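Student:
Number of protein chains: 2
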Amino acid sequence: MAIINSQTNFRVLQWAKLKEKAIRDKQKLFIVEGYHLVSEANKTAHLKEIITTEKSKSFDVPTYQVTQDVMEKLSSLATPTKLIGICRRKEATLYGDSILLVDQIHHPGNLGTIIRSAVAFDVDTIVVNNSVDVYNQKVIQASQGMIFHINVVKKPIAPLILELKAQDYQIIGTDVKECTSLRTIQSRKKRAVLLGNEGEGLGDELLNMCDVRVNIEMNERCESLNVGVAAGIVLYCLNS
Amino acid sequence: MAIINSQTNFRVLQWAKLKEKAIRDKQKLFIVEGYHLVSEANKTAHLKEIITTEKSKSFDVPTYQVTQDVMEKLSSLATPTKLIGICRRKEATLYGDSILLVDQIHHPGNLGTIIRSAVAFDVDTIVVNNSVDVYNQKVIQASQGMIFHINVVKKPIAPLILELKAQDYQIIGTDVKECTSLRTIQSRKKRAVLLGNEGEGLGDELLNMCDVRVNIEMNERCESLNVGVAAGIVLYCLNS
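Protein chains in written order, with the numbering used here: chain A, 11 to 250; chain B, 11 to 250.
1) Nearest by alpha-carbon distance to B:D134: which of B:K199, B:R34, B:A12, B:L28 is it?
2) By Cβ distance, which residues of its chain are closer than 6 Å to B:N15, with the 5 residues on each side in sequence left out?
3) Taking DSSP as the reference, what is the three-state secondary structure of B:Y74?
4) Can you have a look at A:L172 and say buried or exposed, based on whether 16 or more other CB atoms are within 10 angstroms of its CB?
5) Beta carbon of B:I256, beta carbon of B:V224: below 8 Å?
6) When the cut-off is 8 Å and only beta carbons count, does B:F131 lie next to chain A?
7) Taking the runs of the alpha helix (DSSP H) that are 4 residues or longer, which of them lie wholly in the region 115-162 of chain A?
8) According to DSSP, is B:N249 helix, strand or coil?
9) I believe B:K58 touches B:R99 by the beta-carbon criterion, under 8 Å. Please report the beta-carbon distance rounded to the nearest angstrom.
10) Return the residues of the region 226-242 of chain A that lie within a Cβ-Cβ distance of less than 9 Å from chain B, sorted by chain order.
11) Which stretch, first to last residue, makes up the beta strand (DSSP E) that contains B:R21?
12) Give the residues from the region 114-131 of chain B that approach chain A closer than 7 Å (Cβ to any Cβ), ordered along the chain.
13) Does any residue of chain B bring its CB to less than 8 Å from the CB of A:N159?
14) Near B:M11, which residues of its chain fall below 6 Å by C-beta distance, leaving aside the five closest residues on each side in sequence?
15) Starting from A:E59, trace the beta strand (DSSP E) in both directions and tell me its first and last residue.
16) Which residues in chain A have a C-beta closer than 9 Å to the C-beta of B:R193? List them in chain order.
17) When Cβ atoms are compared, which residues of the region 150-182 of chain A fall closer than 8 Å to chain B?
18) Could you name the residues of the region 133-145 of chain B whose beta carbon sits closer than 8 Å to any beta carbon of chain A, in the order they occur along the chain?
19) Using CA atoms only, rank isn't needed, just tell me which of A:I96, A:G206, A:Q177 is closest to A:Q37.
20) Given that A:Y246 touches chain B, what residues does it touch there, using C-beta distances under 7 Å?
21) Per DSSP, B:D113 forms a beta bridge with which residues?
22) Can you tell me the Cβ-Cβ gap for B:V144 and B:K165, rounded? I've got them flagged as a contact below 8 Å.
23) Nearest to B:A128 by CA position, among B:D113, B:I157, B:Q147, B:I150, is which residue?
24) According to the Cβ coordinates, are B:G238 and B:T123 closer than 8 Å?
25) Output the boundary residues of the alpha helix (DSSP H) element that contains B:E173.
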């Protein structure tokens, strides 16, 4: 295998472009770094090809060996890894019974953490809108590779809620006031949980579309929880 | 009030030193930035003095007006705020009924989020050891100022557990295997919950000191949750 040693090699230039959201969206591809994430991508057939600074071929996909210089151009990490995977997006049209709808989550760590919890608590599909890009590397890292184990869909949420209601999904909003306590809520098997912005929560338009609004009772000295924590608690409790 | 305009003014040099953990520990002081955090510090009498680029005196503590240059030297934020508070540490010796013991949490965002959830779910005292400094600015920011509403203690955990056991506290460890399910655990009113490292969890020494080990049941595709999320779920469920 020839080693790619030029930062201006045409493949290198193509891969590097995947750092841009617009290119990722157009090509339906994204980058992951490090053995753990590449290995998770491989388990679920998201892995298209790998780029490595080492000789060994660890995965059964097209493999490109590159120099450290080239790896530094492709990596987004302070300390570049030895292994990068180019992954395909997959969007299934069947959403399953348990759906998470995410609107205006802007912090990559929060969105990644939410994806990780969603897989832990049996969510089938996560729909993301107006938020940090799901295929941003920081999101993927914070998800600990769980992004490969859940159906991820990018589309506007309000029209989708109308469709879900027609299909008899229960729409559950998270709010801090005028709510049903999470400890007493009766949830249905087919449900969609709505999560809103870190600072502002859900906007009125989406809140008004909910069948039920749920809140997490807490000490009055604390105004709200971190959105990733709130999501984890709600998903865990509804999953019982 | 004279405006302090020199980055080498003796007060400025003293304040700037509080960016170092060793100095914070020695002087039992720490810095917070921005109106929200200063205001939280003021509510609970942690606020010692404030430093501001503006003329108005908003809090009833000694106030020092400084130039933008000086503020930039003191601030740790990319966009310096107009208001900094110098705060006193307080460590109460009475720990209350609900205690959280934190060992080897290294990510400031995680520790801050855990402090926020601890206040939300009525924890009285958080004991931190071998972790990122609680008075690190990123921790305080992620706590959303909740650090002022909980007793924070820095001390080794293993000897403390022995003392707590002698006082009849139930010691609850969080683990991913050989555990009691969080859904069935019987917790006592006097309890201490133990949280361990992001990647490794609790070490054997501490795990072996627990009266009960609890785990959060989850889909087998997901190995573990973010530690801040796990802490939130455990504290919420035990607080019912």
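Heads up, the beta-carbon is just placed ideally off N, CA and C, and yes, glycines get one too. Quick caveat: nothing in here was measured; it's all calculated off a predicted structure.
Tutor: Put simply:
1) The residue given as residue 134 of chain B occupies position 124 in the second sequence. It is B:K199 whose Cα lies nearest to the Cα of B:D134.
2) Working through the second sequence from its first residue, we reach residue 15 of chain B at position 5. If we look at B:N15 and ignore the five residues flanking it on each side, its Cβ neighbours are T77.
3) The sequence position of residue 74 of chain B within the second sequence is 64, counting from 1. It is a strand residue.
4) Residue mapping note: residue 172 of chain A aligns to position 162 of the first sequence, counting from 1. It is exposed - the Cβ of A:L172 has fewer than 16 other Cβ atoms within 10 Å.
5) A question about residue 256 of chain B goes unanswered here, because the residues of chain B that appear run from 11 up to 250.
6) Position 121 of the second sequence, counted from the first residue, corresponds to residue 131 of chain B. By this cut-off, B:F131 is an interface position.
7) 118-130, 147-152
8) As a working mapping, residue 249 of chain B is identified with position 239 in the second sequence. Coil at B:N249, not helix or strand.
9) Along the second sequence, read from residue 1 onward, the residue named residue 58 of chain B stands at position 48. Along the second sequence, read from residue 1 onward, the residue named residue 99 of chain B stands at position 89. Actually they do not touch by this definition, with Cβ atoms about 10 Å apart.
10) I226, E227, M228, N229, R231, C232, E233, S234, L235, N236, G238, V239, A240, A241, G242
11) Working through the second sequence from its first residue, we reach residue 21 of chain B at position 11. Note, B:R21: premise wrong, no beta strand (DSSP E); alpha helix (DSSP H) at 20-27.
12) G119, T123, R126, S127, V129, A130, F131
13) Start at 1 with the first residue of the first sequence, and residue 159 of chain A comes out as number 149. In the sequence on display, residue 159 of chain A carries His and not Asn. Cβ-Cβ to chain B under 8 Å: yes for A:H159.
14) Here residue 11 of chain B is taken as the residue at index 1 of the second sequence, counted from 1. Contacts found: Q75.
15) For the purposes of this step, residue 59 of chain A is identified with residue 49 of the first sequence, where counting begins at 1. It spans 57-62 - the beta strand (DSSP E) in which A:E59 sits, taken as one unbroken run.
16) Position 183 of the second sequence holds residue 193 of chain B. The answer, in chain order, is S250.
17) A152, Q154, M156, H159
18) none
19) On the first sequence, position 27 is the one that residue 37 of chain A refers to. With distances taken between Cα atoms, A:Q37 lies closest to A:I96.
20) Taking the first residue of the first sequence as 1, we reach residue 246 of chain A at position 236. Ordered by position in chain B, the residues that pass the 7 Å Cβ test against A:Y246 are I226, I243.
21) If you number the second sequence from 1, residue 113 of chain B lands on position 103. In the DSSP output, where bridge partners are listed per residue, B:D113 has B:N139.
22) Here residue 144 of chain B is taken as the residue at index 134 of the second sequence, counted from 1. Here residue 165 of chain B is taken as the residue at index 155 of the second sequence, counted from 1. Wrong, their Cβ atoms sit about 12 Å apart, outside the cutoff.
23) Taking the second sequence and counting its residues from 1, one reaches residue 128 of chain B at position 118. Measuring from the Cα of B:A128, the nearest candidate turns out to be B:I157.
24) For the purposes of this step, residue 238 of chain B is identified with residue 228 of the second sequence, where counting begins at 1. For the purposes of this step, residue 123 of chain B is identified with residue 113 of the second sequence, where counting begins at 1. In contact: B:G238 and B:T123 (Cβ atoms closer than 8 Å).
25) Numbered from 1 along the second sequence, position 163 holds the residue referred to as residue 173 of chain B. Taken as a continuous stretch (DSSP letters only), the alpha helix (DSSP H) holding B:E173 covers 167-176.
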